[in-house]
């Protein structure tokens with residue numbers, strides 16, 4: 001939607017793309033876009049437009065406004081601020097044909113936008129704007145020029161792996177669903193139940209470019225032979241849900257969803273289903289149970305959803321980011337996609353960079369970039385010049401890597417080799433003010449709170465692990481407790497029913513691997529090296 | 001009939017398609033411990049006592065819910081699995097309040113049997129000691145949540161055999177409870193037929209008939225055999 005627009009038939013000289021994703025909206029960017037329009041009108045500027053767009057990435061410095069014609073990024077543009085006055089001045093006087101384009105800042109320089117290529121450029125509530133940027137071109141190509149098998153081939157060639165965390169090859173999953181026989185329906189489900197603390201990749205994609213996800217779902221449905229689909233989105237994302245529903249309505253009207261898509265024989269209907277606040281519903285079998293109207297608890301696999309999923313039918317479940325990669329792969333070919341990345345990890349990955357870094361925000365980097373490049377080049381290093389201590393990837397299912405591991409490359413294999421995981425894309429940077437035992441306890445508390453209670457190792461094991469960690473941070477543990485902690489962590493990992501329980505001990509296991517001395521300091525010297533844990537003074541335990 | 005051969009603990013055994021690892025193991029006298037499983041009811045694979053190691057991945061899978069396949073190599077009993085099972089039983093005892101000496105199910109309790117079988121002489125971990133309610137509003141039966149191990153047999157027998165759908169599950173994590181009529185007191189349940197099947201399938205003394213004293217609750221399950229050819233006596 002455009003606040004002010006130049007006279008019909010003339011394209012604006014400059015445009016102010018005002019971020020309308022949740023981070024900037026919370027800093028009043030909706031009011032800002034209205035106010036900018038008013039100010040331009042008052043100043044008599046008729047050839048500048050104000051446009052509402054999705055996430056501009058550098059969330060730490062919101063509200064953000066980018067002027068794409070001149071390449072200028074304005075940060076911290078509060079309503080009535082000096083930055084806003086400077087922006088209005090720039091909009092009134094800038095001449096994009098003359099003005100030298102500034103060099104992109106180090107935050108943006110090494111990013112490779114594929115998933116986020118439209119983010120911050122298209123109006124997320126306007127399908128025409130999406131279509132103008134090659135939107136739904138891939139779907140039309142797939143429907144008119146490719147067989148379902150050819151579509152799957154391109155995905156296989158691309159080497160795309162699931163972006164929800166586990167990294168299962170997307171093409172293989174599609175093949176399995178395509179081959180599964182059924183008497184009636186197959187389903188495609190988009191998993192938008194993003195729940196890791198500090199992670200907001202999927203939310204940003206849905207808020208910034210919802211049509212891309214729908215297009216990916218439609219292509220997937222065509223490839224596997226499905227005719228209906230669901231987006232399972234957590235209810236905590238009201239803006240994403242609103243934009244998604246708007247997008248579905250618009251796509252239906254344009255004939256890009258529904259019956260006879262693009263005048264072909266292909267039908268595909270999409271509905272939104274809301275999660276009611278359970279982390280475990282991001283696990284695919286629990287998610288399916290929740291859509292079916294049952295209690296959201298996982299069930300043992302096999303059978304996998306690809307064979308028997310929603311209502312017992314073959315079901316394809318992909319994460320938001322995986323599906324957002326589909327359209328560019330079909331448009332440019334699988335081989336084009338496979339050029340980016342390293343080893344068996346192709347393409348890019350979106351990360352939500354958070355914690356004690358200078359520049360937090362949403363970034364998309366090619367696989368194979370090192371943690372050091374991400375944290376120090378893109379993130380700008382640690383806040384207040386404090387020393388870097390650890391980086392946590394993969395949320396409550398992931399692990400912490402220390403400074404010695406900063407040259408680890410971001411790909412599925414390297415990260416899991418080092419004891420962490422790629423995960424869905426949460427990346428939390430910690431400095432020396434964090435106690436690693438306390439961090440492990442925080443994540444264990446999260447898993448304990450989110451355990452569905454079905455299987456004993458997860459239900460009771462996360463509670464016991466949490467109690468052991470409590471003992472350690474309170475300075476009441478002995479060495480026997482430490483060995484109990486280690487034994488129980490590996491037991492919970494091995495015997496739990498679903499991914500939540502199997503991965504819940506990871507934060508403990510990885511901090512034990514790299515920061516064992518901190519555990520020992522709490523136990524043997526009854527001190528917290530980071531000064532976080534309040535350990536009552538007293539005699540050190542001798543055991 | 002589709003027959004497949006596999007190895008369990010080094011023994012060559014034969015199973016038919018559709019049978020679970022547990023079925024095949026038990027028909028060959030290989031013991032795999034279970035707690036939530038009950039012949040005649042569907043399986044939820046939640047107690048994890050029956051997890052076995054399946055080569056070559058080495059992944060642990062629940063024997064009660066995984067169908068046999070040709071050429072499977074299964075480790076059903078090893079030191080590692082024994083230790084895991086011991087820890088599971090220990091944690092079941094610790095998450096609620098199990099006091100055998102005052103329990104109606106004393107000497108007829110599957111949890112107690114498992115503790116003896118696995119030589120659980122002491123607890124390494126800490127008890128949670130929750131304060132839990134007892135619902136004695138039903139005229140014939142009562143539930144003591146202190147003794148519930150959340151095997152969900154009551155939920156399954158109520159829906160699968162009696163067809164009443166009275167029992168359900170509420171809460172999550174350690175706060176999970178079995179509930180009647182979505183949380184109403186049992187005595188006020190509109191759907192309960194008072195058949196007592198839930199009481200009979202309960203592995204512990206959580207569900208019991210009123211008027212029974214210590215060690216008097218002994219399960220009788222004559223309603224189960226029509227689903228299987230096995231006798232309705234507890235294992």
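Protein chains in written order, with our numbering: chain P, 1 to 543; chain G, 1 to 235. Glycine included, every Cβ here is placed at the ideal spot set by N, Cα and C.
May I ask you to report which of helix, strand or coil DSSP gives residue i?
i, result
"residue 17 of chain P", "strand"
"residue 317 of chain P", "strand"
"residue 60 of chain G", "strand"
"residue 452 of chain P", "coil"
"residue 47 of chain G", "coil"
"residue 210 of chain P", "helix"
"residue 418 of chain P", "coil"
"residue 390 of chain P", "strand"
"residue 310 of chain P", "helix"
"residue 190 of chain P", "strand"
"residue 160 of chain G", "helix"
"residue 344 of chain P", "coil"
"residue 460 of chain P", "helix"
"residue 395 of chain P", "helix"
"residue 184 of chain G", "coil"
"residue 527 of chain P", "coil"
"residue 233 of chain G", "With a pLDDT of 39 at residue 233 of chain G, under the threshold of 50, the modelled position of this residue cannot be trusted; read the value that follows with caution. Three-state DSSP puts residue 233 of chain G in coil, outside helix and strand."
"residue 431 of chain P", "strand"
"residue 543 of chain P", "Low confidence applies here, because residue 543 of chain P scores a pLDDT of 40, under 50, leaving its location unreliable; read the following figure in that light. Coil at residue 543 of chain P, not helix or strand."
"residue 382 of chain P", "strand"
"residue 178 of chain G", "strand"
Within its chain, find whatever has a CB closer than 6 Å to the CB of residue i; leave out the 5 residues flanking it on each side and keep chain order.
i, result
"residue 117 of chain P", "none"
"residue 405 of chain P", "418"
"residue 94 of chain P", "14 and 70"
"residue 200 of chain P", "352"
"residue 402 of chain P", "390 and 514"
Determine the direct distance from the alpha carbon of residue j to that of residue i, and round the result to whole angstroms.
i, j, result
"residue 301 of chain P", "residue 101 of chain G", "39 Å"
"residue 27 of chain G", "residue 223 of chain G", "22 Å"
"residue 58 of chain G", "residue 397 of chain P", "21 Å"
"residue 149 of chain P", "residue 91 of chain G", "50 Å"
"residue 119 of chain P", "residue 283 of chain P", "27 Å"
"residue 49 of chain P", "residue 208 of chain P", "19 Å"
"residue 200 of chain G", "residue 154 of chain G", "9 Å"
"residue 491 of chain P", "residue 461 of chain P", "9 Å"
"residue 171 of chain P", "residue 153 of chain P", "7 Å"
"residue 532 of chain P", "residue 69 of chain G", "53 Å"
"residue 48 of chain G", "residue 75 of chain G", "15 Å"
"residue 520 of chain P", "residue 511 of chain P", "12 Å"
"residue 37 of chain G", "residue 51 of chain G", "12 Å"
Keeping to the same chain, check which residues put their C-beta closer than 8 Å to that of residue i; ignore five residues upstream and five downstream.
i, result
"residue 227 of chain P", "185, 186, 221, 267, 268 and 269"
"residue 307 of chain P", "176, 180 and 314"
"residue 104 of chain P", "71"
"residue 143 of chain P", "222, 261, 262, 264 and 266"
"residue 134 of chain G", "142, 143, 144, 145 and 146"
Hey, could you find the ends of the alpha helix (DSSP H) residue i is sitting in?
i, result
"residue 132 of chain G", "Where residue 132 of chain G is concerned, there is no enclosing alpha helix (DSSP H), given that its DSSP letter is neither H nor E."
"residue 336 of chain P", "334-338"
"residue 514 of chain P", "506-514"
List, in order along the chain, the chain C residues whose C-beta lies closer than 9 Å to that of residue i?
i, result
"residue 88 of chain G", "No chain C is part of this structure, whose protein chains are labelled P and G."
The beta strand (DSSP E) spanning residue i covers which residue range?
i, result
"residue 120 of chain G", "Premise fails: residue 120 of chain G is in no beta strand (DSSP E) and is neither H nor E."
"residue 402 of chain P", "399-402"
"residue 7 of chain G", "3-8"
"residue 143 of chain G", "141-144"
"residue 366 of chain P", "361-366"
"residue 272 of chain P", "269-275"
"residue 209 of chain G", "207-209"
Note down, in chain order, each residue of its chain lying with its Cβ closer than 7 Å to the Cβ of residue i, except the 5 sequence neighbours on either side.
i, result
"residue 42 of chain G", "156 and 160"
"residue 493 of chain P", "502 and 505"
"residue 440 of chain P", "469, 507, 508 and 511"
"residue 486 of chain P", "512"
"residue 489 of chain P", "465, 505, 508 and 509"
Starting from the N-terminal side, write out each stretch of the beta strand (DSSP E) that is 3 residues or longer and does not extend beyond the region 62-132 of chain P. 65-67 and 72-74
What are the uninterrupted segments assigned as alpha helix (DSSP H) that are 4 or more residues long and contained completely in the region 197-249 of chain P, given in chain order? 201-208 and 210-224
Beta strand (DSSP E) runs wholly inside the region 71-112 of chain G, at least 3 long, in chain order: 73-75
Jot down the residue ranges of each uninterrupted beta strand (DSSP E) in the region 35-60 of chain P, minimum 3 residues, whole runs only, in chain order. 48-53
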